[in-house]
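Undergrad: If you're matching positions, the sequence shown starts at 1 in UniProt numbering and goes up one per residue.
The beta-carbon is built from N, C-alpha and C at its ideal position, and this holds for glycine as well.
What you are looking at is a predicted structure, and each value in this text was computed from that prediction instead of being measured.
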Amino acid sequence: MSFFGFGQSAEIDIVLDGQEARKTAEIKTEDGKKERHYLYYDGETVAGKVNVSMKKAGSKMEHQGIKIEFIGQIEMYYDRGNHHEFTSLVKELARPGELTSNTSYGFEFLQVEKPYESYTGANVRLRYFLRVTVVKRISDTVKEQDIIVHTLSHYPELNNSIKMEVGIEDCLHIEFEYNKSKYHLKDVIVGKIYFLLVRIKIKHMELQVIKRETTGTGPNTYNENETIAKYEIMDGAPVRGESIPIRLFLSGYELTPTMRDINKKFSVRYYLNLVLVDEEERRYFKQQEITVFRKAEKVRKPGEKSVYQQNRGLQSHISDREHQAIQEQKQREAQQQQEQQEKQEQQEQTNEHTENEEVENENEDE
1 MSFFGFGQSA EIDIVLDGQE ARKTAEIKTE DGKKERHYLY YDGETVAGKV
51 NVSMKKAGSK MEHQGIKIEF IGQIEMYYDR GNHHEFTSLV KELARPGELT
101 SNTSYGFEFL QVEKPYESYT GANVRLRYFL RVTVVKRISD TVKEQDIIVH
151 TLSHYPELNN SIKMEVGIED CLHIEFEYNK SKYHLKDVIV GKIYFLLVRI
201 KIKHMELQVI KRETTGTGPN TYNENETIAK YEIMDGAPVR GESIPIRLFL
251 SGYELTPTMR DINKKFSVRY YLNLVLVDEE ERRYFKQQEI TVFRKAEKVR
301 KPGEKSVYQQ NRGLQSHISD REHQAIQEQK QREAQQQQEQ QEKQEQQEQT
351 NEHTENEEVE NENEDE
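1. Apply the 10 Å Cβ neighbour rule to residue 40 and answer buried if 16 or more other Cβ atoms are within range, or exposed otherwise.
2. Residues in the same chain with beta-carbon distance under 8 Å from residue 123, minus the five sequence neighbours each way, listed in chain order, please.
3. Would you grab the beta carbon distance between residue 95 and residue 65 for me? Rounded to a whole angstrom, and I think it's under 8 Å.
4. Shortest alpha-carbon distance to residue 248 belongs to which of 240, 185, 281, 204?
5. Identify which residue in 97, 253, 127 has its Cα closest to the Cα of residue 231.
6. Return the bridge partner residues of residue 294 from the DSSP annotation.
7. Just checking my contact of residue 389 with residue 182 at CB under 8 Å: how many whole Å lie between their CB atoms?
8. Using 8 Å as the threshold, is the C-beta distance between residue 151 and residue 30 below it?
9. With which residues is residue 284 paired in a DSSP beta bridge?
10. Beta-carbon within less than 8 Å of residue 386's beta-carbon, same chain only, minus the 5 sequence neighbours each way: which residues are those?
11. What's the C-alpha gap between residue 102 and residue 44?
12. How big is the Cα-Cα spacing for residue 272 and residue 131?
13. Name, in chain order, the residues that DSSP records as bridge partners for residue 245.
14. Is there contact here, the segment 170-181 with the segment 138-146, by at least three beta-carbon pairs under 8 Å?
15. List the DSSP bridge partners of residue 256.
16. Give the range of the beta strand (DSSP E) segment to which residue 145 is assigned.
17. Quick one: grab the DSSP three-state call for residue 43.
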C-alpha cells in the first residue's frame, strides 16, 4: 500500500489496434541509439485500448479522471522547457471515480492529421506519441508511447537534370551534370564530370552528400552540417577532354526526406558538394541543392485483402458440385498415373525375361 497515496498503485499499457500486422520503423534517439516503433501515415486513424492493471489484488485507486492524448510535438534542444505542439487531441476515458480491478478502455482518433515526418536531428526532435494520464490527488500516473510517421511524396516523371559549368579563370573549367534534381531515399545519383580546361594539378576529387539542419529564425538561426556520404570520383590528375562517370547509391546511407520550414521551427536540406583538391592542398567547392523524398508505394488499406487472400476468398465460394468435380478429376489423374506405373513395371519384367531366355539359348548353342 502506498504511504499517503505516494507511488503508483496501477500499471498502464497501451495496445494499438492491428499492431501484430502493422509495419514498424526505426528512428534515431537523441543519444544516437535506435528505437523501433509502429509506423503510421498522414490521415490514418490511431485506435486501440488502454489497460489499467492494479499492482495488488484487492487494492483500489481513487482518481480524478483518466484521459488519453495524441500529440505531435517539436522539441528544440536549446529550449528544453518549451515544447511546441502542432497537433493535440484529447479523449476522456473515465470520469472521476475509483478503480478496484483491472480495467480496459477503448480509444479512437479518427483520420488524424500528421503533416510532418518523425525526425531526430542534431538540435531538434519531432515526435508523435500517445499519452495516458490517470489524474490523482497528489501525483498523476502517466504512460507515453511513441509512434513513427512517414510522409510519402510522388513527383512527376519530368525531373529536370542539373547541369552547370564552374571553374577558375584561365586555370580550371569543368562541366558537371546530374541526371535528376529530385531523388527518393533508395535512388541512384547518376552523372558525369567533363574537364574542359585543366591548368592546375588536381590530385583528388570527390562528391559529397551534405545534410544541413537549420534551426531557429533571424539572428538566432543555427546551421548544423553533416557529411552523409563521400564518393571518390578520381585519384590523380585529369586531362583536358576527360569525362568521368558518377554513380552513387543512396540506399546505403541514413537519409531523411527534405524538410522545408517545418512549423516555422526548422529545416533539413540536402546538397551535392563537388570537392577538388590540388597538389598544394587547396580545396575547391561547388554545391548544388537536391530534393530528397520518400517514394509513395502502394499501401494496402486497413481491411483490404491481399491477392492471396482474395484468391482464398474466391476458392471458398466454389460450389459443392465444382468441388466434387475437382476431387474426381484428381482421383482420375492419380488412377491414370498408377496404371501407367504398373504398365511400366510389367514392361520391365517382360524385358528382363526376354534377356534371360536369350542368355540360355546362347549357352545351349555353345
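TA: With the given structure in hand:
1. buried
2. 76, 77, 78, 213, 215, 222, 224, 266
3. 6 Å
4. 185
5. 253
6. Looking at the DSSP assignment, residue 294 forms no beta bridge with any residue, so it has no partner.
7. Any property of residue 389 remains undetermined from this structure, which presents the chain solely from 1 to 366.
8. no
9. 276
10. An answer regarding residue 386 cannot be provided, because it is not within the stretch 1 to 366 covered by the chain.
11. 29 Å
12. 40 Å
13. 192
14. no
15. Answer is none; residue 256 lacks a bridge partner.
16. 141-150
17. coil
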